[in-house]
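**Student:**
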Amino acid sequence: MAWVALQTFPLDCRAMYPPCRTDEEGLVLSVTVLSILINITECTFLILMKMQQPTFCDHLNFNKYQPSPTSFPPSSLPGFPCLLIRDVSVLSQFFNQELWCKDLDQISRYLWMMSSQSSANISALHHQRVKGREVILTEDPKLHLIWRYDRIYLKPVPEYLLCPHIWKSVLLNPEALLEDKRDIVCTSALGFLRTYAYLIRHESDLRIAKTRELIPPFVTWHQWCLLRMDLLKIEDSEVSPRYRFGEIRLTRLNFYVKILLRKSHYHRVHQQYGEYFASFYAPILFIFGVVSATLSSMQLVATVEQIDQRWSFLTGLFRGFSITIIVITFLLMCALLILLLVKIVAEWRHALRVRLYQKDKDAWTKPYES
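Counting in our numbering, the sequence shown runs without a single skipped number right up to 1185 at its last residue.
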């Protein structure tokens, strides 16, 4: 209504209203003009707010947060009643701890060596089961989408990220967060939400997410489809560097952080000494078995030379068998090493090819975006 009034209201008020003859008529005219100006101001403010907020905010009006005519915006963070929205410093620190992956952002330029350089490299929840992975719930943002062998760590979607009021009045409000934290928090929140657009692709994924308490129970499939459609429109340039990649292998992270961050590990897997040393038993036993078989064969060759004359006809057989065992053991070790090298070279070749393709793609699209 305000926008219609803005278009129909003439610039020259004298064309609509005759000269004021009394103080009462002048007061009516002043009140009318003032009300129209207030409507114009409100309309302009709403347009600016609409331009600032992401498009998916339109689909965040879930039933739990739809305001009634007599309700007021929440004064505390949904899900955390002890955190008041007006407390800028505490709220900024809270969002920083809950959403920011500091270590991964620092080494983001090297993450292509540990994961496919694509934010879509995320398997849906039903496919995680197909891969034999168990979903482990964690509240630590640095472990979100980190996987190891038969498990993957996922951070659940907090309720406040599904509340439109929090996006409009806090995350996208320049005065609601500290200036040095605002960009970090917003890009991390956008990237985190976008990961669930890939994790929940089917209705079965939504059921799994609710069963695993990864998403609030009040979200319906229809609402999620509308939200997911807009989440997929978020570009990599709008999210934090970590969320420009998908799933990352923990074993590689633990290896590379020793070089890149000078840390002993990214996430400690073994909490006790027994578990830690047990991980070395299998390779040690394998090496011990190979060495034992080789030494036994060499010892047999040496013993054959001292065999009694009555069994001399078996000397050639024993010697040939011992040498065969040594050769087979050597070939087996070489085959395993070659297989390992082939896999490493193939992975690096794929990573470099994807990285070069991504660079060429960015080089082509950047001039058109500017």
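For glycine and all other residues, C-beta sits at the position ideal for the given N, C-alpha and C.
1) Taking His1037 as the reference, which of Ile1049, Arg1022, Asp1051 has the closest Cα?
2) Could you give the first and the last residue of the continuous alpha helix (DSSP H) run that contains Phe909?
3) Is Leu1029 closer than 8 Å to Ile961 when the C-beta atoms are compared?
4) Go through the stretch 941–966 residue by residue and report every complete run of the beta strand (DSSP E) that reaches 3 residues or more, in order.
5) Within 10 angstroms of its Cβ, does Cys978 collect 16 or more other Cβ (buried), or is it exposed?
6) Can you check which of these residues, Arg901, Tyr1011, Val1105, is closest to Leu976 by C-alpha distance?
7) So for Cys897, helix, strand or coil by DSSP?
8) Please confirm whether Ser1094 and His1085 have their CB atoms less than 8 Å apart.
9) Thinking just about the alpha-carbon of each residue, which of Gln908, Leu1171, Tyr925, Phe895 is nearest to the one in Tyr1071?
10) Buried or exposed, going by whether 16 or more other CB atoms sit within 10 Å of the CB of Cys1040?
11) Can the beta-carbon of Cys916 be found closer than 8 Å to that of Lys957?
12) Just confirm the distance between the C-beta atoms of His942 and Ser1019, as a whole number of angstroms; I'd bet it's less than 8 Å.
13) In three-state DSSP terms, what is Leu969?
14) Whole angstroms are fine: how far does the CA of Trp1163 sit from the CA of Pro971?
15) Got a sec? Which residues, its chain only, sit under 6 Å from His999 by beta carbon, not counting five neighbours each side?
16) In three-state DSSP terms, what is Arg1168?
17) Taking Cβ to Cβ, would you say Val950 is nearer than 8 Å to Leu919?
18) Check this for me: beta carbons of Leu1005 and Glu1053, under 8 Å apart or not?
19) Please work out which residues of its chain come closer than 6 Å, Cβ to Cβ, to Cys1081, disregarding the five sequence neighbours upstream and downstream, and give them in chain order.
20) Taking the alpha helix (DSSP H) that Thr1066 belongs to, which residues open and close that run?
21) For Arg963, I'd like the list of residues in its chain whose CB is within less than 8 Å of its CB, leaving aside the five on either flank, ordered along the chain.
22) DSSP state of Ser891, grouped into three classes?
23) Alpha carbon to alpha carbon, how far is Asp1051 from Asn936? Give it in angstroms, no decimals.
24) Return the chain-ordered list of same chain residues with a C-beta closer than 6 Å to the C-beta of Ile981, the five sequence neighbours on each side being excluded.
25) Using the rule of at least 16 other Cβ atoms within 10 Å of the residue's Cβ for burial, across every protein chain shown, is Ala1097 buried or exposed?
26) Starting from Gln921 and walking both ways along the alpha helix (DSSP H), at which residues does that stretch end?
**Tutor:** Quick look at the numbers:
1) What you label residue 1037 is simply residue 222 of the sequence shown in a count that begins at 1. Here the closest residue by C-alpha is Arg1022.
2) The residue labelled residue 909 in the question sits at position 94 within the sequence shown. Run containing Phe909: 903–914, per the alpha helix (DSSP H) assignment.
3) In the sequence shown, counting from the first residue as 1, residue 961 sits at position 146. In the sequence shown, counting from the first residue as 1, residue 1029 sits at position 214. Result no, Cβ atoms of Ile961 and Leu1029 do not sit closer than 8 Å.
4) 949–952, 961–963
5) Position 163 of the sequence shown, counted from the first residue, corresponds to residue 978. It counts as buried.
6) Counting from 1 along the sequence shown, the entry for residue 976 is found at position 161. Here the closest residue by C-alpha is Tyr1011.
7) The sequence position of residue 897 within the sequence shown is 82, counting from 1. Strand at Cys897.
8) Counting from 1 along the sequence shown, the entry for residue 1094 is found at position 279. Counting from 1 along the sequence shown, the entry for residue 1085 is found at position 270. In this structure, His1085 lies closer than 8 Å to Ser1094 by Cβ.
9) For the purposes of this step, residue 1071 is taken as residue 256 along the sequence shown, with counting starting at 1. Ranking Gln908, Leu1171, Tyr925, Phe895 by Cα distance to Tyr1071 puts Tyr925 first.
10) Here the question's residue 1040 lines up with position 225 in the sequence shown. It is exposed - the Cβ of Cys1040 has fewer than 16 other Cβ atoms within 10 Å.
11) Within the sequence shown, numbered from 1, the residue matching residue 916 stands at position 101. Within the sequence shown, numbered from 1, the residue matching residue 957 stands at position 142. Their beta carbons are under 8 Å apart, which means Cys916 touches Lys957 by this criterion.
12) In the sequence shown, residue 942 corresponds to position 127, counting from 1. In the sequence shown, residue 1019 corresponds to position 204, counting from 1. So it is not a contact: roughly 10 Å between Cβ atoms.
13) As a working mapping, residue 969 is identified with position 154 in the sequence shown. Here Leu969 sits in strand by DSSP.
14) Position 156 of the sequence shown holds residue 971. Position 348 of the sequence shown holds residue 1163. If I take the Cα positions, the gap works out to 32 Å.
15) By one-based count along the sequence shown, residue 999 stands at place 184. For the sequence presented, residue 999 should be read as Ile rather than His. The residues are Trp915.
16) As a working mapping, residue 1168 is identified with position 353 in the sequence shown. DSSP places Arg1168 in helix when its eight states are reduced to three.
17) Against the sequence shown, residue 950 aligns to sequence position 135. Against the sequence shown, residue 919 aligns to sequence position 104. No.
18) As a position in the sequence shown, residue 1005 is number 190, starting the count at 1. As a position in the sequence shown, residue 1053 is number 238, starting the count at 1. Yes.
19) By 1-based counting over the sequence shown, the position of residue 1081 is 266. For the sequence presented, residue 1081 should be read as Tyr rather than Cys. Within the same chain, Tyr1081 has close Cβ partners Leu1068, Asn1069, Val1072.
20) On the sequence shown, position 251 is the one that residue 1066 refers to. Per DSSP, Thr1066 belongs to the alpha helix (DSSP H) from 1065–1075.
21) Counted from its first residue, the sequence shown places residue 963 at position 148. If we look at Arg963 and ignore the five residues flanking it on each side, its Cβ neighbours are Arg1064, Leu1065, Thr1066, Val1084.
22) Start at 1 with the first residue of the sequence shown, and residue 891 comes out as number 76. The answer is strand: DSSP assigns Ser891 an E or B state.
23) As a position in the sequence shown, residue 936 is number 121, starting the count at 1. As a position in the sequence shown, residue 1051 is number 236, starting the count at 1. C-alpha separation (whole angstroms): 13 Å.
24) Here residue 981 refers to the residue found at position 166 when the sequence shown is read from its first residue. These residues qualify, in order along the chain: Tyr975.
25) To locate residue 1097, count along the sequence shown from 1; it is residue 282. Exposed.
26) Within the sequence shown, residue 921 is the residue found at index 106, counting from 1. Segment 917–921, the alpha helix (DSSP H) holding Gln921.
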